[in-house]
Amino acid sequence: MTKRLLTLNASADFATALEGEGMAQSLNFTTEDTKEAVKAFLEKRPPTCTSR
């Protein structure tokens, strides 16, 4: 997603770039790995990621 945003935002205006970033973050924060990472951080342990 990062590579796609970099490519798209190279020719986009600032508002469009921010909108794309917001949509990407919204999607990424709903993954199981993100939830596990936050939980592991709060529990002060390494995360167990499953690429989901």
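As numbered in our numbering, residues 516 to 567 make up the sequence shown, in order.
Glycine included, each C-beta is placed from N, C-alpha and C at the ideal position.
Apart from the 5 residues on each side of it in sequence, Asn524 sits with its Cβ closer than 7 Å to the Cβ of Ala532, Gly535 in its chain, given in chain order. With respect to the C-alpha of Thr565, the residue from Lys559, Gln540, Asp548 having the closest C-alpha is Asp548.
Collapsing the DSSP output to three states places Asp548 in a helix. Counting along the chain, Met516 sits inside no alpha helix (DSSP H), nor does DSSP assign it H or E at all. With respect to the 8 Å criterion, Glu551 and Pro562 are classified as neighbours on the basis of their beta carbons.
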